[in-house]
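Take 1 as the starting number for the sequence shown in the UniProt record's numbering and just add one per residue.
I have placed the structure first, in the form of structure tokens, so that the comments after it can refer back to it.
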Amino acid sequence: MKILQIVKTNEGANWAFTQAQWLFNNGVDIITVLPSINGGMAEKYKREGMDIVQGDFSLPITKPWEIFGRVREINNLVKEFKPDIIHCHFVTNIMMVRLALRNSNIPRVFQVPGPLHLESKFFRKAEIMLANDIDYWAGACKKTCEMYLESGIHQSKIYLAYYGGYGGKTVDEYQDSENKLHIEYDIPEDKILVGMVSYFYKPKTHLLQRRGLKGHEDFIDAIALAREKNPSIIGVIIGDSWGNAQRYVEKVKNYAEKNCKGGVLFTGFRKDLKDIYKELDVVIHPSHSENLGGAAESLAAGVPTVTTNVGGFPDIVLNGETGYTVKPKCPTEIAEAIVKLIDNPELAIHMANSGRREIRKLLSIENTANNILSIYKEISVSNEQYLFKRG
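Take a look at the structure:
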């Protein structure tokens, strides 16, 4: 089986690589299209011996005149490699491919990384409008699948397909705390570290966002409220800007200084997450929209976890069982959950361990990628039947 995988970025989407790696090692011929074939994720594909092709096949919304050139490139690539299935991971990629291959019989699967674009009526309709009888959707959380069903897509066209990588043996890679953060930042041992691990995504004005998608401001507000009940709490924000969001990072830092002075530490991007994650006493994921997000990692590390009840978070954070879920954009509820976990350490550890066991099983790459392989096979059979009926 030959799969043409299209990825819009060379700087991220490790989850797409991890899945492709397993499929490649299990006999699937994967050709990956990346915006650049040098540096970044391209080097990982090369080291595995996987074929990569340079091409930016995202929908050029701000440069519509480029559409015609990309249509030609996509058609030439399909003629050259003759894939059995085209697999896209990003909405602008699948929309561009659908435009380019309107008359093609090659089935396309859109593995939807999160429900964000579906939360806008305009973008949801635009994406679905371009689909036809050979399109399939693999939602990476239950919420995404539900939203396609509600939009009128037939059940036979929709699959649930989590991205893997945090489960299986990966959960054993998180090291017990050696107080690296305490030592590095001269934090007294009696302080309680409540963390948030995320890139900074600046607000998208076209979606009427006033705060960042990941909820950094909500986290800061929650830490300020929690410190009123327990001054030993220190908020720790780990991560840096995504893309051109550096000005937004500085804005968030100023917000913390104004609203939670001395209570929030910013570490920037770190490469040693598996060494420091378990040093955090509690981890918060206050996203306004999300797939499984960073909750998969905090649960894999066995750290007590609080998330908003959006997107795919409830798939793995079962309220009161593997962590707590709260309303989005509600710092008061986040603060209450933080204090509850700190005041009940045995319960917090029990829930964290339950979450770790669930993630080990659910998100092992063997399970998730083998599921994708099964989806490929089902789509191939369905497409053959469809073409036979058409004559």
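Heads up, the beta-carbon is just placed ideally off N, CA and C, and yes, glycines get one too.
Just so you know, these numbers come straight off a predicted model, no measurement behind them.
From residue i to residue j, what does the alpha carbon distance come to, in whole angstroms?
i	j	result
Ile-67	Pro-107	21 angstroms
Glu-384	Leu-116	32 angstroms
Val-78	Gly-49	21 angstroms
Ile-316	Gly-69	42 angstroms
Arg-124	Lys-180	44 angstroms
Leu-57	His-285	First, the amino acid is wrong: residue 57 is Phe here, not Leu. When rounded, the distance between both Cα atoms is 31 angstroms.
Asn-244	Arg-356	34 angstroms
Lys-258	Met-1	57 angstroms
Phe-219	Leu-213	12 angstroms
Gly-25	Glu-366	Strictly speaking, residue 25 in this sequence is Asn, with Gly absent from that position. Spanning the two alpha carbons is a distance of roughly 11 angstroms.
Val-197	Ser-104	42 angstroms
Ala-161	Ser-287	21 angstroms
Asp-275	Glu-336	28 angstroms
Glu-80	Val-264	53 angstroms
Glu-358	His-216	27 angstroms
Glu-184	Asp-190	15 angstroms
Arg-98	Ile-61	15 angstroms
Opposite residue i in the DSSP bridges: which residues?
i	result
Gln-175	Looking at the DSSP assignment, Gln-175 forms no beta bridge with any residue, so it has no partner.
Asn-265	The amino acid occupying residue 265 in the given sequence is Leu; Asn does not appear at that position. In the DSSP output, where bridge partners are listed per residue, Leu-265 has Val-236.
Lys-2	Asp-29
Trp-137	Phe-110 and Ile-158
Ser-241	Phe-200
Ile-52	Thr-32
Asn-319	Gly-323
Val-303	Per DSSP, none; premise fails for Val-303.
Thr-308	Val-326
Go to residue i, then tell me how far its alpha helix (DSSP H) extends in each direction, as first and last residue.
i	result
Cys-145	142-150
Thr-92	91-100
Phe-68	67-81
Val-336	Sequence check: residue 336 is Glu here, not Val. Unbroken alpha helix (DSSP H) run through Glu-336: 331-343.
residue 403	Lying before the first or after the last residue shown, residue 403 is absent from the chain, which here runs from 1 to 391.
Asp-275	273-276
Lys-63	That residue, Lys-63, is in no alpha helix (DSSP H); it is neither H nor E in DSSP.
What are the start and end residues of the beta strand (DSSP E) that includes residue i?
i	result
Val-194	192-197
Ile-284	282-285
His-87	85-88
Can you tell which of the options has the C-alpha that lies nearest to the C-alpha of residue i?
i	options	result
Leu-299	Asp-133, Tyr-174 and Ile-158	Tyr-174
Thr-170	Asp-275, Arg-360 and Asn-230	Arg-360
Tyr-166	Val-236, Arg-227 and Thr-18	Thr-18
Val-310	Lys-202, Glu-333, Val-7 and Glu-290	Glu-290
residue 410	Thr-267, Phe-313, Asp-275 and Pro-345	Because the chain is modelled from 1 through 391, residue 410 falls outside the range shown and cannot be assessed.
Gly-40	Thr-62, Asn-10 and Ile-3	Asn-10
Ile-37	Val-28, Pro-113, Gly-27 and Asp-51	Asp-51
Asn-132	Phe-122, Val-109, Cys-141 and Ile-237	Val-109
Trp-15	Ser-364, Glu-378 and Ser-382	Ser-364
residue 397	Pro-64, Glu-358, Gln-5 and Pro-331	For the chain, the structure presents residues 1 to 391; residue 397 sits outside this window and is missing.
Ala-13	Ile-3, Asp-29, Gly-27 and Tyr-45	Tyr-45
Asp-221	Glu-333, Val-28, His-182 and Tyr-148	Glu-333
Just confirm the distance between the C-beta atoms of residue i and residue j, as a whole number of angstroms; I'd bet it's less than 8 angstroms.
i	j	result
Lys-271	Ala-301	About 16 angstroms separates the two Cβ atoms, so there is no contact after all.
Val-339	Lys-261	Not really, about 20 angstroms apart at Cβ, beyond 8 angstroms.
Asp-282	Leu-341	According to the sequence displayed, residue 282 carries Val and not Asp. That belief holds up - the Cβ atoms of Val-282 and Leu-341 are roughly 5 angstroms apart, short of 8 angstroms.
Val-91	Glu-150	Contact flag wrong, Cβ pair sits at about 17 angstroms.
Ile-234	Leu-193	6 angstroms
Lys-253	Phe-266	6 angstroms
Phe-200	Tyr-255	Actually they do not touch by this definition, with Cβ atoms about 12 angstroms apart.
Sorry if obvious, but does the Cβ on residue i come closer than 7 angstroms to a heavy atom of the ligand SAM?
i	result
Ser-354	Among the ligands in the structure shown, none appear at all, so the ligand SAM cannot be discussed.
Chain C beta carbons: is any one of them nearer than 8 angstroms to that of residue i?
i	result
Lys-214	Here chain C cannot be found, since the structure has a single protein chain.
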